[in-house]
Amino acid sequence: MTPRIERFLADHRPPSPCLVVDLNRVGENYRAIAEALPAARIHYAVKANPAPRILEMLVSLGSCFDAAGPREIDACLAAGASPGDLSYGNVVKKPGDIAKAFRQGVRLFAFDSAGELEKLAQAAPAAKVYCRVLAPNDGAEWPLSRKFGCSLDMARDLMVRARDLGLDAHGISFHVGSQQTDPHQWEVAIGRAAMVFSDLREAGIEIKMINLGGGFPVPYRDPVPGFDAIAEVIMKAMTANFGNRLPAMAIKPGRKIAAEAGVIESEVVLVSRKSYDDEMRWVYLDVGLFGGLAETMGEAIKYRIVTPRDGASAGPVAIAGPTCDGADILYEDAGYTLPLDLKAGDRVRLPGTGAYTATYASVGFNGFAPLESYYV
Ligand SMILES: *Cc1c(COP(=O)(O)O)cnc(C)c1O
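Shown next, in the form of C-alpha cells:
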C-alpha cells in the first residue's frame, strides 16, 4: 500500500472492486532491478500488466519489452517503445502475427521447435532468434510445466538449423517458472544453458545472448528471497559458467515490476456459515477467480488480505468470489483467518495485485464487469 494509492482511494472512493496502481512504484521497481543486476537488459514481460501508463513509464526509463502477441506489440509501440527494443517471446505464434511484427520492425523472436523455426525463416527472414530450453520449475508457485522449452540436444540442433535457414542464431533463453522462490533454480538453468553455448561453439556458432527469463518472486502472504539475493546467485553462476566470456544478458521480469505497485480494493458481500456447529466462516468478496484473481487457482498465489478490523480476534475462513460458479473459490485449504467481526459491506484490500489481475478478469461472466483499474 503506497501513500499515493491510499490518497487516491480516500479522495475518489471508487466503486468496488477496483485495482489501483502507483506508477511511481512501477518506476522504483524497475530501477531497483536495474541497479541490482546492471549487466542485464530488462525486457518487461508485458503480459503481467499491459496498461498504457505502465508501458509509458517504462519507456521513459529506457526499458525493453517482451511481448507475447500482436496487441502487446501494438501497445508497446503506441507507448513509444522502439521496435528494436522488443522481443517477441511467445514460442507459439501464427505466421501472420510473425509477419506483422516483422513489418513493424521487431527483429528478435523466440522459438523452441522446428515448426516454429520454419515459420520464422519464412515470415521474419534473417531475424535474430533465440531458443528456449526446458528449465526445472521446482519451487515455483506458478510453474509453467513442460509447455515451453526443448531439451538441450534439441536446442543445439535447432540453433544449427536456424543458421542454415539464414536466421541469426542469437541466443538461449529459459524461464524457471513464475513466483520462483528458490534462487538455486537460476543457477541450475544457467549451467544447462551454458552447455548449449559450448556445444554450439564446437559447431562453429558463437551465441551472443542469454535470456534468464522472469519468475522473480514478490512477498504476498509469505516472505520470499529478495531480488538482490537472486541477482547475486545469477552473477556468480554466470562467471562460474562463462568466465570472462560473458554473453549479453537479458531478463524478462513481469511480476517483480508490476505486482507490488498495485492494490485491489474489494467489498465483503456476505459472511456465512454452512452449519450451526461449523467454525469455518465463508467470506464472499466482490472479486474472485473470474474478476481478476485467476492466480488463486489451485490456491497457488496467496494474496494478503487487509481488513479495517485487523488486530481483533480472528477465526478460520474460506474465501470465495461473487459468481455462481463452484470453481470461484480463492482459498479453502490455505489456512486463512479473518477477524471474527468482519461484516458484509466492509472494504478489504489485497496488496501486491498489480500483476496478472486486470487482464485476467473475464469480460462479463455472470454479469460482473471486468475489473476497473486506475493508474495514479
Ligand atoms: C510470463 C513470462 C515472463 C514473466 O514472468 P514473471 O514471473 O512475471 O516475471 C517472462 N518470460 C516469459 C517467457 C514469460 O512467459
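The numbering of the sequence shown is our numbering, which starts it at 6 and goes up by one. For glycine and all other residues, C-beta sits at the position ideal for the given N, C-alpha and C. Quick caveat: nothing in here was measured; it's all calculated off a predicted structure.
Does the beta-carbon distance from residue i to residue j come in below 8 Å?
i, j, result
"L51", "S378", "For clarity, residue 51 is Val in the given sequence; the question names Leu instead. Not closer than 8 Å, so no."
"P321", "E284", "yes"
"V276", "L376", "no"
"G384", "E121", "Not covered by the structure: residue 384. The range shown for the chain is 6 to 381."
"L1", "Y35", "No answer is possible for residue 1: it lies beyond the span of the chain, which begins at 6 and ends at 381."
"V273", "K348", "yes"
"G326", "L290", "yes"
"T186", "P141", "no"
"I310", "M254", "no"
"C23", "E265", "no"
"A374", "G297", "no"
"G331", "Y225", "no"
"R137", "F202", "no"
Go through its chain and collect everything with a Cβ distance to residue i's Cβ below 8 Å, but skip five positions before and after it.
i, result
"E123", "L170"
"R151", "L139"
Whose CA, out of the options, lies closest to the CA of residue i?
i, options, result
"I212", "E237, D227, L163", "L163"
"F70", "K257, G372, G293", "K257"
"G218", "A366, I177, A199", "I177"
"A128", "A119, Q109, I103", "I103"
"R161", "Y336, A119, F153", "A119"
"A299", "L335, A208, D79", "L335"
"A263", "G220, H17, Y93, D117", "G220"
"L383", "L91, P75, A73", "This structure cannot speak to residue 383, because the chain is shown only from 6 to 381."
With a threshold of 6 Å on Cβ separation, who are the neighbours of residue i within its own chain once the five nearest residues in sequence on each side are excluded?
i, result
"K133", "R112, L113, D173, H175"
"I435", "Coverage of the chain is limited to positions 6 through 381, which leaves residue 435 absent and any answer about it impossible."
"A236", "A41, L42"
Using a Cβ-Cβ cutoff of less than 7 Å, which residues in the same chain neighbour residue i once the five nearest sequence positions on both sides are dropped?
i, result
"A339", "E304, K307"
"E192", "V238, A242"
"N246", "I195, G196, A199"
"F370", "F295, T328"
"D333", "G293, L294, F295, A325, G326"
"D346", "R314, A317"
Kindly indicate which three-state DSSP category residue i falls into: helix, strand or coil?
i, result
"P188", "coil"
"N29", "helix"
"R161", "helix"
"R206", "helix"
"H17", "helix"
Mind listing, in chain order, the continuous alpha helix (DSSP H) runs of no fewer than 4 residues lying wholly within the segment 246-300? 260-263
Which whole runs of the beta strand (DSSP E) in the segment 91-122 are 3 residues long or more, in chain order? 91-93, 113-116
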